[in-house]
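Enquirer:
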Ligand SMILES: C[C@H](N)C(=O)N[C@@H](Cc1c[nH]cn1)C(=O)O
């Protein structure tokens, strides 16, 4: 009797598949040093999007990302997204957005990988142990500004595609890239670009993948929610110039005193937001969420130790996770115009501008938050009967994002994690913001998955940011495996 045909075909396909994966992994392992060098080149560029003086570096960074994709044979464009208006009214060119496409097979899914190559500010004097723009390998950790947020993850995606190409293996899905240079300042100009290209570049995109966040512990994670962010400037202006505090102190109503006074009314010492109405919109914590948080492996003592504090706002796991991910919070970041250098300058600053932000969660609406904050600050300021002038502006209004974890993208993610790390994945949310996530979802109508490869202790935005070699290299393998898993999602699912 003839052997059954179908099972043997399946056997052949799965054998070839397993063999290909092994080859890809070997390729990645043997190209580690090149990957680290590529990261070194990218980290060396001070692509700080918040510093207008660094704008030429940011333009160079976008060119470099485009060139890398071009050399791989992608269809690459540097999309002009216009200018930004600076507080003094001057106009400054925004960094172009890099789009790229690999593969155009209508029988395959098309994924769009989003990432950013701008960074937060960093100076050695801030307390870095190494030069922030010189990637430094210490015990398998690659230290440098932007290493984890978000240069290594973007490179890992590029290297994943490159590995398939280098081994002459067909990409299992078409891969598109959108790489921007303004994420850290709210993704200016990107919303409009996505809207403008909805029916062109994005028309055949099935799924969007973002790897701009980190794991919660040493366990790999898949992220299904991010907080949004409303970022405010509150400016108090008084005398026409700075004044001697001995000569004028006691006669002048000081802008800084007004500013500190109103800032102190934003949040209580126990973390309660005092702005009327803000907490009303927040979706209540469901029993299901409570159970999910309860099951997540998270060690509070370890967390405290990592950040160097001996007490948190909350002492139980569910409260800590919920306040990290799904409740709003106010953070006061700094005061422009205030004396902050070493020494003892005795001045009354004439104009001071506080920078603070409120992380947004479902179902908060930035437009409503803007009104609530502006009205409230003006009302508390009015009670002071100060002759100084208060101006409140919202400079970023990014919405929160939440995914359906039942979507096959997440099943595919779990399978890829299992394959590469031989463990189950944590399903987590992210307290930070990916300003464009919600726009991608709303404008394209496509599903998004966030697949982080950053470590829980990478120190994003702070001193000594790093990406571990392990996460960078194994992350590249994860992306390779994920492309394969996504290709197996049934074509009808969006
Ligand atoms: C999560 C991501 N890596 C990140 O750090 N995003 C920034 C974006 C942002 C928000 N407001 C201004 N920029 C963040 O969460 O701070």
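Residue numbers (mature numbering (1 follows the signal peptide of the UniProt record, and there is no 0)): -18 to -1, 1 to 476. Cβ coordinates follow ideal geometry from the N, Cα and C atoms, glycine included.
Just how far apart, CA to CA, sit residue 47 and residue 156?
Expert: If you number the chain shown from 1, residue 47 lands on position 65. If you number the chain shown from 1, residue 156 lands on position 174. Straight-line Cα distance between these residues: approximately 19 Å.
Enquirer: Verify the contact flag: residue 212, CB atom, against every heavy atom of ligand 1, threshold strictly below 6 Å.
Expert: Counting from one through the chain shown, the residue named residue 212 turns up at place 230. Incorrect: residue 212 has no Cβ contact closer than 6 Å to ligand 1.
Enquirer: Counting by C-beta, which residues lie closer than 7 Å to a heavy atom of ligand 1, in chain order?
Expert: Listed along the chain, these residues meet the criterion: 131, 132, 165, 166, 167, 168, 194, 195, 208, 211, 213, 339, 378, 380, 412, 414, 415, 416, 417, 442, 443.
Enquirer: I need the boundaries of the alpha helix (DSSP H) containing residue 456, first residue and last residue.
Expert: Counting from one through the chain shown, the residue named residue 456 turns up at place 474. Looking at the DSSP string, the run of the alpha helix (DSSP H) that includes residue 456 is 451 to 469.
Enquirer: Return helix, strand or coil for residue 167, following the three-state DSSP convention.
Expert: Numbered from 1 along the chain shown, position 185 holds the residue referred to as residue 167. Reduced to three states, the DSSP call for residue 167 is helix.
Enquirer: Helix, strand or coil, according to DSSP, for residue 332 in the structure here?
Expert: Within the chain shown, the letter at position 350 stands for residue 332. Residue 332: coil per DSSP, three-state reduction.
Enquirer: From the DSSP secondary-structure annotation, give me the bridge partner or partners of residue 285.
Expert: Position 303 of the chain shown holds residue 285. For residue 285, which the question treats as bridged, DSSP gives no partner whatsoever.
Enquirer: Between the region 93 to 111 and the region 160 to 171, do at least 3 Cβ pairs fall closer than 8 Å?
Expert: Short answer: they touch.
Enquirer: Got a sec? Which residues, its chain only, sit under 6 Å from residue 311 by beta carbon, not counting five neighbours each side?
Expert: As a working note, residue 311 is residue 329 in the chain shown. Here the set comprises 341.
Enquirer: Label residue 144 either buried or exposed according to how many other C-beta atoms from any shown protein chain fall within 10 Å of its C-beta, with 16 as the threshold for buried.
Expert: Mapped onto the chain shown, residue 144 falls at position 162. Flag for residue 144 reads buried.
Enquirer: Which residue's Cα is closest to the Cα of residue 365: 32, 139, 392, 240?
Expert: The residue labelled residue 365 in the question sits at position 383 within the chain shown. Among 32, 139, 392, 240, the Cα nearest to that of residue 365 belongs to 240.
Enquirer: On the premise that residue 9 lies in contact with residue 149, defined as a C-beta separation below 8 Å, what is that separation, rounded to the nearest angstrom?
Expert: What you label residue 149 is simply residue 167 of the chain shown in a count that begins at 1. What you label residue 9 is simply residue 27 of the chain shown in a count that begins at 1. Right, their Cβ atoms sit about 6 Å apart.
Enquirer: Indicate whether residue 170 and residue 66 have their beta-carbon atoms separated by less than 7 Å.
Expert: The residue labelled residue 170 in the question sits at position 188 within the chain shown. The residue labelled residue 66 in the question sits at position 84 within the chain shown. The answer is yes: Cβ separation under 7 Å.
Enquirer: Where do the ends of the alpha helix (DSSP H) carrying residue 7 lie?
Expert: Stepping through the chain shown from its first residue, residue 7 is reached at position 25. It spans -14 to 12 - the alpha helix (DSSP H) in which residue 7 sits, taken as one unbroken run.
Enquirer: Go through the region 193 to 264 residue by residue and report every complete run of the beta strand (DSSP E) that reaches 3 residues or more, in order.
Expert: Correct list: 203 to 208, 210 to 219.
Enquirer: Taking the beta carbon of residue 383 as the centre, do at least 16 other beta carbons fall within 10 Å, making it buried, or is it exposed?
Expert: The count along the chain shown starts at 1 and reaches residue 383 at position 401. When all chains shown are included, residue 383 counts as buried.
Enquirer: Drop a sphere of 10 angstroms on the beta-carbon of residue 75, count the other beta-carbons inside from all chains shown, and report buried for 16 or more, exposed for fewer.
Expert: In the chain shown, residue 75 corresponds to position 93, counting from 1. Exposed, since its Cβ has fewer than 16 Cβ neighbours within 10 Å.
Enquirer: On the criterion of 16 or more Cβ atoms from any shown chain inside 10 Å, does residue 452 qualify as buried, or is it exposed?
Expert: The residue labelled residue 452 in the question sits at position 470 within the chain shown. Classification for residue 452: exposed.
Enquirer: Whole angstroms is fine: what's the gap from residue 39's alpha carbon to residue 304's?
Expert: Along the chain shown, read from residue 1 onward, the residue named residue 39 stands at position 57. Along the chain shown, read from residue 1 onward, the residue named residue 304 stands at position 322. Roughly 38 Å separates the two Cα atoms.
Enquirer: Which residues mark the beginning and the end of the alpha helix (DSSP H) in which residue 428 is found?
Expert: Position 446 of the chain shown, counted from the start, is the residue given in the question as residue 428. No alpha helix (DSSP H) contains residue 428, which DSSP labels as neither H nor E.
Enquirer: Since residue 385 sits in a beta bridge, which residues does DSSP pair it with?
Expert: Sequence index remark: in the chain shown, residue 385 carries index 403 (1-based). Answer by DSSP bridge pairing: none, since residue 385 is not bridged.
Enquirer: Does the beta-carbon of residue 258 have 16 or more other beta-carbons within 10 angstroms, so that it is buried, or is it exposed?
Expert: In the chain shown, residue 258 corresponds to position 276, counting from 1. Answer is exposed; the Cβ neighbour count stays below 16.
Enquirer: Whether or not the region 409 to 426 and the region 194 to 209 are in contact is what I'm after, with contact meaning three or more pairs of Cβ atoms, one per stretch, closer than 8 Å; do they touch?
Expert: Segments in contact, yes.
Enquirer: To the nearest angstrom, how far is it from the Cα of residue 325 to the Cα of residue 177?
Expert: What you label residue 325 is simply residue 343 of the chain shown in a count that begins at 1. What you label residue 177 is simply residue 195 of the chain shown in a count that begins at 1. Distance between the alpha carbons of residue 325 and residue 177: 50 Å.
Enquirer: If residue 272 and residue 209 are in contact, beta carbons under 8 Å, what's the gap, nearest whole angstrom?
Expert: On the chain shown, residue 272 is found 290 positions in, with the first residue counted as 1. On the chain shown, residue 209 is found 227 positions in, with the first residue counted as 1. The pair is not a contact, with the Cβ atoms about 18 Å apart (cut-off 8 Å).
Enquirer: Where does residue 26 fall in DSSP's three states?
Expert: On the chain shown, position 44 is the one that residue 26 refers to. Residue state, collapsed to three classes: coil.
Enquirer: Using only the alpha-carbon positions, how far apart do residue 58 and residue 158 sit?
Expert: Counted from its first residue, the chain shown places residue 58 at position 76. Counted from its first residue, the chain shown places residue 158 at position 176. Straight-line Cα distance between these residues: approximately 10 Å.
Enquirer: Whole angstroms are fine: how far does the CA of residue 61 sit from the CA of residue 462?
Expert: Numbered from 1 along the chain shown, position 480 holds the residue referred to as residue 462. Numbered from 1 along the chain shown, position 79 holds the residue referred to as residue 61. Rounded to the nearest angstrom, the two C-alpha atoms are 27 Å apart.
Enquirer: Classify residue 45 as helix, strand or coil using the three-state DSSP reduction.
Expert: Within the chain shown, residue 45 is the residue found at index 63, counting from 1. In this structure, residue 45 counts as helix in the three-state DSSP scheme.
Enquirer: Can you tell me where the alpha helix (DSSP H) holding residue 144 begins and where it ends?
Expert: Locating residue 144 in the chain shown gives position 162, where the first residue counts as 1. Residue 144 -> alpha helix (DSSP H) spans 134 to 148.
Enquirer: Specify the secondary structure class of residue 105 as computed by DSSP and reduced to three states.
Expert: One-based indexing of the chain shown puts residue 105 at position 123. In the structure shown, residue 105 sits in coil (DSSP, three-state: anything other than H, G, I, E or B).
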